Amino acid sequence: MRIAEFLYVNGYISYPRTDNTVYPETLDTKGIIESFLNTEFKEYAQKLLSGKLQPTRGKKETTDHPPIHPATPAKRSQLKEDEWKLYELVVRRFFATFAGETLWETMAVTVDISGEDFGANGARLMEPGWRWYYSYNLPEDRILPKLAEGQSLTVKEVNLVEKETQPPSRYGQGHLIKIMEDLGLGTKSTRHEIISKLYSRAYVHGNPIQPTKTAFAVVEALEKYASTITKPDMTSKLEKDMDEISEGKITEDFVVKESRDMLGEVFKDMTKNKDLISEALRNGLYEDRVIGTCQKCSSDLIIRKSKKGSRFIGCSGYPNCDFTLPLPKIGQIVVTEKLCNDHGLFHIKIVNKGKRSWEIGCPHCNFNEWQKKVEEEKKNGLVKEPKIEVKEVKSSKTKRNSSKKALKSSQSESEKPISIV
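Letter 317 of the sequence shown, counting from 1, is numbered 316 in numbering that gives the first Met the number 0, and no numbers are missing.
This is the structure:
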């Protein structure tokens, strides 16, 4: 959305925060297409202009802004790589809404081999239609030979593949946005912000998205003590009410009262069970900090912070156990599900916004490698021992009103030998 807003502010695309999917009659769509006749999209524009321009109609029509469309032709040299990619996506999507349907020829074959049915499916692209303009993730042809019902075939080779059932794949961000749209959660302009908050609050990490233990704790606690808030029905209903307000079907006062009544019941449940919810969340937050088991005392090794704010892995058995491991100073620490075979610790990675995540792996192995590297550098003379040189000695007198204790402390400090720790 940040890039989309940049393109909008600089006049390359229309207002991006809109849910409208129907072009208004006042929008000069033909003029927009004609403006691309002298650009690298010339071939696409010419083909569209050679026929009748009839855009598809989306499911949602509003009067605030038209659907997202290119506003001004741009050159690659005018934009950064990521800006151009989004701009090109908008242009191609706009062109595709005026194109015809994609036509596939499909074939489904069932073959009987010794009384067992085996199936095969084939497909061949006959007419690319809108996919010629919007050529992202274009499926490949799956060509089968010409076959006739009742035809006898010769089995040339048999490959036996043993597999186990696999769990459903995790949602990617794009798939999650589609699910949110189907459930009526958020709008086109807010769904990405909702997902961003899940990342920034450490409820999820990675892509495909993986929930943290804190996320599980939140959902489980709310499902148990305030189940209404975990279901999409309430949010979806309020989103629908907002649309009906803009269409003049219901009043704002009605929706405000309705939402207060719904949320009032939710807050009653949460207030009544606040202590139980708090305990469940504390447990979830703690679990997200656990790296593994301390090899010295068998207590939990957890992510901790010093009084100065630096992060480290420490033993929950402190002060009886002082085992520690260092951690990077910056970035969000994510405890993964991968376990180190040597130390029994979960691997960790560091996530910095806008940058590629840094896979640290096992923190103990990482620390051992660092120590080994330092020792090798010392042997090779790459690390110099610190040299201490006394440049100046100043004497000072204690004020008359100072206590004897302060004087004694000052004297004892000056007598301590210099040492390297």
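Glycine residues also receive a C-beta, built at the ideal position from the N, C-alpha and C atoms.
Just so we're clear, the structure is a prediction, and the values are computed from it rather than from any experiment.
Item	Value
Quick one: which unbroken alpha helix (DSSP H) runs of 4-plus residues sit fully inside the segment 24-101? Chain order, please.	28-33, 41-48, 80-95
On the DSSP bridge list, what partners appear for Ala-107?	Asn-120
Could you tell me the boundaries of the beta strand (DSSP E) in which Gln-421 lies?	Shown here, the chain extends from 0 to 420; a query on residue 421 therefore has no answer.
State the DSSP-derived secondary structure class of Gly-422, mapped to helix, strand or coil.	Residue 422 lies beyond the stretch modelled for the chain, which goes from 0 to 420, so this question has no answer here.
By DSSP, does Arg-169 sit in helix, in strand, or in coil?	coil
Around the Cβ of Pro-476, are there at least 16 other Cβ atoms within 10 angstroms (buried) or fewer (exposed)?	This structure cannot speak to residue 476, because the chain is shown only from 0 to 420.
Inspect the CB distances between the segment 219-226 and the segment 23-32 and report whether three or more fall short of 8 Å.	no
Find the nearest neighbour of Met-0 within the set Tyr-11, Gly-10, Arg-16, judged by alpha-carbon distance.	Arg-16
By Cβ distance below 6 Å, which residues in the same chain neighbour Asp-240 in space, the five residues on each side in sequence not counted?	Val-254
Restricting to runs no shorter than 3 residues, where is the beta strand (DSSP E) found entirely within the segment 254-298?	289-292
Out of Asp-252, Leu-182, Ser-315, state which residue places its alpha-carbon closest to the alpha-carbon of Lys-230.	Leu-182
According to DSSP, simplified to helix, strand and coil, what is Gly-247?	coil
Counting C-beta neighbours from all protein chains within 10 Å, is the total for Arg-190 16 or more, i.e. buried, or is it exposed?	buried
What residues match up with Gly-149 in a beta bridge as DSSP calls it?	Gly-149 is not bridged to any residue.
Please confirm whether Tyr-202 and Thr-213 have their CB atoms less than 9 Å apart.	yes
Could you pull the DSSP bridge partners for Thr-323 from this structure?	Gly-313
In this structure, how does DSSP classify Met-179 when only helix, strand and coil are distinguished?	helix
Would you identify the three-state DSSP class for Met-125, choosing helix, strand or coil?	strand
Could you pull the start and end residues of the alpha helix (DSSP H) that Lys-372 belongs to?	362-378
My understanding is that Ile-301 touches Arg-310, with C-beta atoms under 8 Å, so please give their C-beta distance in whole angstroms.	The Cβ separation is near 11 Å, so there is no contact.
Mind reading off the beta-carbon distance from Gly-313 to Thr-323? Whole number of angstroms is fine, and I expect it under 8 Å.	5 Å
Output the distance between the C-alpha atoms of Asp-287 and Arg-281, rounded to the nearest integer angstrom.	10 Å
Which residues share a DSSP beta bridge with Pro-210?	Val-203
Rounding to the nearest angstrom, what Cα-Cα distance links Ile-12 and Arg-75 in this structure?	15 Å
Among Leu-284, Thr-105, Tyr-133, whose alpha-carbon lies nearest the alpha-carbon of Val-90?	Tyr-133
Whose C-alpha, out of Ile-290, Val-21, Ala-70, is nearest the C-alpha of Leu-6?	Ala-70
Counting C-beta neighbours from all protein chains within 10 Å, is the total for Tyr-43 16 or more, i.e. buried, or is it exposed?	buried
Could you pull out every residue in the same chain whose Cβ sits closer than 6 Å to the Cβ of Gly-21, ignoring the five residues on either side in sequence?	It should be noted that the sequence gives Val, not Gly, for residue 21. If we look at Val-21 and ignore the five residues flanking it on each side, its Cβ neighbours are Arg-56, Gly-57, Glu-60.
Alpha carbons only, please: which of Tyr-170, Leu-124, Tyr-285, Leu-175 is nearest the one belonging to Pro-207?	Tyr-170
Grouping DSSP H, G and I as helix and E and B as strand, with all else coil, what is Arg-399?	Residue placement at Arg-399 is flagged as unreliable, the pLDDT there being 42, under the threshold of 50; the coordinate-derived value follows with that caveat. Three-state DSSP puts Arg-399 in coil, outside helix and strand.
Just to confirm, are Lys-348 and Glu-336 a CB contact at a threshold of 9 Å?	no
Below 8 Å CB to CB, which residues in the same chain sit around Leu-52 once its five sequence neighbours on both sides are set aside?	Thr-28, Lys-29, Ile-32, Phe-97
State the start and end residues of the unbroken alpha helix (DSSP H) segment that holds Ile-2.	1-8
Below 8 Å, how does it come out for the segment 125-132 and the segment 99-106: are there three or more Cβ pairs, yes or no?	yes
Could you tell me which of Ile-249, Thr-250, Met-233, Val-333 sits nearest to Leu-262, measuring between CA atoms?	Met-233
Closest to Tyr-135 by C-alpha separation, out of Glu-163, Arg-92, Gln-150, would be which residue?	Arg-92
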